[in-house]
Amino acid sequence: MPLFRQSATIARILNVSSRLALQKNVTNPSIKNLLQDEETLSEGKIEHMISQFLDDVYKGTWKDKGWPKVWTDYSISKLALYAHSKLLAKQNKGRNISVNCFCPGFTRTAMTGGRGDRTAEEAAEVGARIALLPPHCLLSGEFFKISTHSLTPKL
Ligand SMILES: NC(=O)c1ccc[n+]([C@@H]2O[C@H](COP(=O)([O-])OP(=O)(O)OC[C@H]3O[C@@H](n4cnc5c(N)ncnc54)[C@H](OP(=O)(O)O)[C@@H]3O)[C@@H](O)[C@H]2O)c1
Numbered sequence: 000m001p002l003f004r005q006s007a008t009i010a011r012i013l014n015v016s017s018r019l020a021l022q023k024n025v026t027n028p029s030i031k032n033l034l035q036d037e038e039t040l041s042e043g044k045i046e047h048m049i050s051q052f053l054d055d056v057y058k059g060t061w062k063d064k065g066w067p068k069v070w071t072d073y074s075i076s077k078l079a080l081y082a083h084s085k086l087l088a089k090q091n092k093g094r095n096i097s098v099n100c101f102c103p104g105f106t107r108t109a110m111t112g113g114r115g116d117r118t119a120e121e122a123a124e125v126g127a128r129i130a131l132l133p134p135h136c137l138l139s140g141e142f143f144k145i146s147t148h149s150l151t152p153k154l
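The sequence shown stops at residue 154 when you use numbering that gives the first Met the number 0, and every number in between is there.
Following this line, the structure appears as structure tokens:
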């Protein structure tokens with residue numbers, strides 16, 4: 000971040016995320032509040048969320064604690080990534096740094112065993128397009144996903 004802050008032009012961070020970072024997948028009320036309250040969101044709170052999940056795993060209670068039901072550990076890593084991206088965007092507001100997330104959608108890669116709706120090249124092309132948006136169109140703290148016909152910010 001210190002190097003990004005010194006950049007003469009807009010610094011652009013695009014974290015590759017997943018729709019599984021949707022907060023609706025979390026039903027645990029305290030975690031939901033933590034993720035939704037952008038004013039008080041902090042690195043400490045994000046770390047606390049992860050520690051809470053690990054604690055529930057160690058205790059064997061995670062299934063009843065309102066964590067995402069599908070690809071749980073992956074989803075939580077993406078929730079943390081999205082929360083951290085929003086935090087970075089907020090902390091660097093007005094500093095010429097854009098921080099966003101992007102879900103490439105179901106893409107044919109090693110992770111999906113070669114299954115998916117698009118090739119890695121097609122997904123990367125869209126990611127590059129977001130990262131290289133002209134300064135007047137460049138948002139920060141957003142979540143982009145590929146929809147059928149267009150590129151839409153927000154989940
Ligand atoms: N494919 C999808 O449908 C899909 C959907 C939504 C989001 N995503 C996201 O898109 C991103 C790329 O996924 P992918 O589908 O391309 O998966 P992938 O085919 O499994 O590729 C993952 C890449 O990450 C590298 N990697 C894994 N762990 C690493 C580590 N600890 N340090 C450094 N590199 C590491 C791997 O390197 P090696 O090859 O050396 O192991 C590999 O190049 C991920 O963030 C994934 O969550 C993918």
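We put the beta carbon where it would ideally sit given N, CA and C, even for glycine.
Hey, residue i and residue j: beta-carbon distance below 7 Å or not?
i, j, result
"Ala122", "Pro103", "yes"
"Lys19", "Lys62", "In the sequence as displayed, the identity of residue 19 is Leu instead of Lys. Contact flag unset, no."
"Thr106", "Arg114", "no"
"Ala82", "Ile30", "no"
"Ile49", "Ala79", "yes"
"Leu86", "Leu40", "yes"
Can you find the residues in the same chain that come closer than 8 Å, C-beta to C-beta, to residue i, ignoring five residues on each side of it along the sequence?
i, result
"Ser97", "Ile9, Ala10, Arg11, Ile12, Ala88, Leu137, Leu138, Ser139"
"Ile129", "Leu13, Asn99, Phe101, Phe143, Leu150"
"Ile75", "Met48, Ile49, Phe52, Trp66, Pro67"
"Tyr73", "Ser17, Leu19"
"Thr111", "Phe105"
"Glu42", "His83, Leu86"
Excluding sequence positions up to five away, which residues of its chain have a Cβ less than 6 Å from the Cβ of residue i?
i, result
"Val56", "none"
"Asn95", "Ile9"
"Ser17", "Lys77, Cys102"
"Phe3", "Ala10, Ile96"
"Ser84", "Asn14, Val98, Cys100"
"Gly59", "none"
My output table needs one value for residue i: the three-state DSSP class, helix, strand or coil.
i, result
"Arg128", "helix"
"Glu111", "The sequence shown places Thr at residue 111, not Glu. In the structure shown, Thr111 sits in a helix (DSSP, three-state: H, G or I)."
"Lys144", "strand"
Apart from the five residues on each side of it in sequence, which residues of its chain come closer than 7 Å, Cβ to Cβ, to residue i?
i, result
"Lys64", "Asn27, Asp55"
"Ala196", "The requested residue 196 does not occur in the structure, where the chain is confined to residues 0 to 154."
Any beta carbon of chain B sitting closer than 7 Å to that of residue i?
i, result
"Phe142", "No chain B appears in this structure, which consists of one protein chain only."
- Considering only residues of the region 3-87, which uninterrupted beta strand (DSSP E) runs meet the minimum length of 3 residues and lie entirely inside it, listed in chain order? 10-15
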